[in-house]
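Going down the list, the protein sequences come from chains A and B. Under my numbering, read the first sequence as residues 27 to 304, first letter to last. Under my numbering, read the second sequence as residues 398 to 737, first letter to last. Every residue gets a Cβ at the ideal spot worked out from N, C-alpha and C, and that includes glycine. Just so we're clear, the structure is a prediction, and the values are computed from it rather than from any experiment. Only one structure is covered here, and it is reproduced in the block below.
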Amino acid sequence: MSPKIDSHQHFWNPARGDYNWMPMDNATLARAYGPADLEPHLVENRIEQTVLVQAAATLEETEYLLGIADASPRVAGVVGWIDFEDYSHARHLRRLAKHPKFLGVRPMIQDIPDNDWMLRADIAWAYELIVECDLTFDALGFPRHLDNFLKLLIRYPDMRVVIDHCMKPQIRIHSSDNFAQWACGMTRLAEDTSAFCKFSGLVTEANGWSLAAMRPYTEHLLQIFGPERIMWGSDWPVCRLKASYTAWFEAARKLTEHLPTVSQESIFGGTAQAFYRL
Amino acid sequence: MTLQTNHWDRLGNGGLTFTELGLGMAPLGNLYRAISDEDAQAVLTRAWDAGVRYFDTAPLYGLGLSETRLNPLLRGKDRDSYVLSTKVGRLLKASTPDKRDGLDKWFDVPARKEVYDYTYDGVMRSVEFSLERLGVDRIDILFAHDIDLANHGTQEALDAKLAELMDGGYGALVSLRDQGVIKAFGAGVNEWQPCQWMAERGDFDMFLLAGRYTLLEQEALESFLPLCEAQGTGVVIGGPYNSGILATGPKQGAHYNYEPAPQDVLARVGEIEKICTRHGIRLVDAAFQFPLRHPAVVSVVPGGQGLAEMNSNIEAESADIPEALWSDLKSAGLMREDAA
């Protein structure tokens, strides 16, 4: 049996000063979160390992996360960041790739106003280098990015890609049109590319979340990706905006309890282990 | 398996035997999307096993990757059993990955820059590099690449390049042919006009014309193809599907000459497809076989990145097309009266 893995969590310290997205007046987000804050939740839910994901668009933050990972046996790996718009960062990526806990990168595409940024010719070197170094790419965006992600992933079929937070479907303004647009784009990604998907972020996208609201989204993902390409992630501490670590974990358990044990093991550990090679 | 062949011998030097179905190697240079080396080799192996014995590549395709990928296929094959063409007119220079050329065209390819060079030395050096990448000791045909308006922008710039070729590279090509290093040379372009200009001024053996003699475009019949026929010049047809639309049919998102197809083209292809269906054949069958009916055409070289496209081309080569199809297309005004 594979260990239980949380494929997506963050640590941060706002005093570091490079979390440009962070609303400083939000008491839940704008405080320091470190390994000691997460530990009780991991123990309570018997989660053995985590993947620590970047939360700031700086090299310094990636170094900071690797420092935490060095000191934290629970952290199996780090998804970091380099500046795709600055070719001098190629040497940083090559250097980072040598760290045993460095897994890959995540550009913060959801914060970039230009939807077509990811297809720009001047950043193509970064995708090529990710493939060359055999690293991973976390695809972070919204449903409006679905078409471009499809184009990008078709260009680079050898890139190891995982879609973050199910591409953030608009559960809080659920409509059949919104659902269809998201579902159709996700289906094409699942069928035409080898991308994986993180089963995370759904509580954050729901308003007063309920199992009923999240179930159709979950069912669609299970159908198109299958449990071998789906990995559960807490997105802690962001999930705390809507649900405690344990509340989201238990909701995710209930949403998948009808699956065979082996499928549940994939979603809660096996898939992340295979994808990130933990 | 055996495919139909055409023997071409303009000079009495033994000539070359082309399979009517050749393989255009631009897509296997990661054109518009990367494909893995395994997938590329699978397409090449399928082509070889089906009997394809003519391969057309270029240094430009994937900035060297296309030629490199052809290397393992050709290794160990009897050199006399296939025909190989590549291009001259561009040299590849090393670059850093962010500054390389073709960032929005070739994906996951070597970091190189392309530099136009139709001079004597440029041609000689280009051949040396191609031999190295291809891993063979000779090339059958060299085509001067992209010496056309689309690539050089203005008539003045094109005229300057044509002059550079005729004053320089042309001499290198003649010399290579005289020595028996190559069997033939010509130009590989997307426009028939510069081909005609060259055919009228030099001792060119063959032209590779991409996209300009197809079910949708037959202007080359005005003067260029008759000239080739009269001079014994061979013609290889690239882009027989005009970027896809003649293979996919008038579907949403179909491409015509590297762009999404406009409405009038979609409608015209729809009409052609209707007549094909009435005769029990596929649109792609007719699109593939159409250029081969012209006596100057020796081979058609579609490209493809997947086995499905390769298989479809193999099927098109052997499709049985009734003569009535062509006369029906003509009487419907969908094909020129003087087309073969």
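If you compare alpha carbons, which of the options is closest to residue i?
i	options	result
residue 61 of chain A	A/128, A/141, A/172 and A/74	A/74
residue 180 of chain A	B/429, B/725 and B/715	B/429
residue 713 of chain B	B/568, B/577 and B/419	B/419
residue 268 of chain A	A/198, A/209, A/168 and A/206	A/198
residue 170 of chain A	A/223, A/140 and A/147	A/140
residue 134 of chain A	A/196, A/82 and A/154	A/82
residue 229 of chain A	A/278, A/248, A/257 and A/164	A/278
residue 694 of chain B	B/597, B/522, B/634 and B/510	B/634
residue 389 of chain B	B/505, B/414 and B/485	Absent from the model: residue 389 of chain B. The displayed extent of chain B is 398 to 737, so no value can be given.
residue 201 of chain A	A/85, A/174 and A/232	A/232
residue 252 of chain A	A/271, A/234, A/120 and A/288	A/288
residue 431 of chain B	B/416, B/463 and B/682	B/463
residue 142 of chain A	A/153, A/148 and A/174	A/174
residue 52 of chain A	A/263, A/303 and A/300	A/263
residue 561 of chain B	B/659, B/444, B/514 and B/572	B/514
residue 676 of chain B	B/688, B/719 and B/657	B/719
residue 161 of chain A	A/291, A/212 and A/108	A/108
What does the alpha-carbon distance come out to for the pair residue i and residue j?
i	j	result
residue 176 of chain A	residue 218 of chain A	8 Å
residue 99 of chain A	residue 220 of chain A	30 Å
residue 600 of chain B	residue 436 of chain B	39 Å
residue 411 of chain B	residue 575 of chain B	13 Å
residue 454 of chain B	residue 503 of chain B	15 Å
residue 275 of chain A	residue 637 of chain B	56 Å
residue 507 of chain B	residue 492 of chain B	9 Å
residue 651 of chain B	residue 207 of chain A	22 Å
residue 488 of chain B	residue 566 of chain B	13 Å
residue 113 of chain A	residue 238 of chain A	46 Å
residue 610 of chain B	residue 690 of chain B	11 Å
residue 90 of chain A	residue 224 of chain A	24 Å
residue 38 of chain A	residue 456 of chain B	49 Å
residue 256 of chain A	residue 711 of chain B	39 Å
residue 452 of chain B	residue 122 of chain A	42 Å
residue 632 of chain B	residue 547 of chain B	20 Å
residue 745 of chain B	residue 540 of chain B	Only positions 398 to 737 of chain B appear in the structure, and residue 745 of chain B is not among them; the question remains open.
residue 182 of chain A	residue 153 of chain A	8 Å
residue 729 of chain B	residue 607 of chain B	25 Å
residue 595 of chain B	residue 589 of chain B	10 Å
residue 273 of chain A	residue 93 of chain A	29 Å
residue 55 of chain A	residue 116 of chain A	32 Å
residue 84 of chain A	residue 203 of chain A	37 Å
residue 661 of chain B	residue 649 of chain B	13 Å
residue 511 of chain B	residue 235 of chain A	55 Å
State yes or no: is the beta carbon of residue i nearer than 8 Å to at least one beta carbon in chain B?
i	result
residue 229 of chain A	no
residue 108 of chain A	no
residue 164 of chain A	no
residue 122 of chain A	no
residue 151 of chain A	yes
residue 157 of chain A	yes
residue 160 of chain A	no
residue 83 of chain A	no
residue 269 of chain A	no
residue 116 of chain A	yes
residue 254 of chain A	no
residue 154 of chain A	yes
residue 113 of chain A	yes
Measure from the C-beta of residue i to each C-beta in chain A and report whether the shortest distance is under 8 Å.
i	result
residue 494 of chain B	yes
residue 457 of chain B	no
residue 505 of chain B	yes
residue 501 of chain B	yes
Cβ-heavy atom distance between residue i and the ligand GDP below 7 Å?
i	result
residue 65 of chain A	This structure simply doesn't include the ligand GDP, nor any ligand for that matter.
Should the region 611–625 of chain B be regarded as contacting the region 399–415 of chain B, the criterion being three or more beta carbon pairs within less than 8 Å? The answer is no - the region 399–415 of chain B does not touch the region 611–625 of chain B, with fewer than three Cβ pairs under 8 Å.
Of the residues that make up the region 417–438 of chain B, which ones have a beta carbon closer than 9 Å to any beta carbon in chain A? 427, 429, 430, 431, 432, 433 and 436
Can you find at least 3 beta carbon pairs, one from the region 658–675 of chain B and one from the region 274–288 of chain A, that sit closer than 8 Å? The answer is no - the region 274–288 of chain A does not touch the region 658–675 of chain B, with fewer than three Cβ pairs under 8 Å.
Are the region 242–260 of chain A and the region 186–201 of chain A touching by the rule of at least three beta carbon pairs closer than 8 Å? yes
Any 3 or more C-beta pairs closer than 8 Å across the region 468–486 of chain B and the region 124–132 of chain A: no
By the 9 Å beta-carbon criterion, what residues does the region 169–202 of chain A contribute toward chain B? 177, 180, 181, 182, 183, 184 and 185
With three or more beta-carbon pairs closer than 8 Å as the criterion, would you say the region 420–427 of chain B touches the region 689–705 of chain B? yes
Counting only Cβ-Cβ distances shorter than 9 Å, please list the residues of the region 54–84 of chain A near chain B, keeping chain order. Within the region 54–84 of chain A, no residue qualifies.
For the region 122–150 of chain A, enumerate the residues whose C-beta is nearer than 9 Å to any C-beta of chain B, in chain order. 145, 146, 147, 148, 149 and 150
Would you say the region 291–298 of chain A touches the region 27–45 of chain A, given that touching needs at least three Cβ pairs under 8 Å? yes
At least 3 beta-carbon pairs within less than 8 Å: the region 726–734 of chain B vs the region 465–475 of chain B: no
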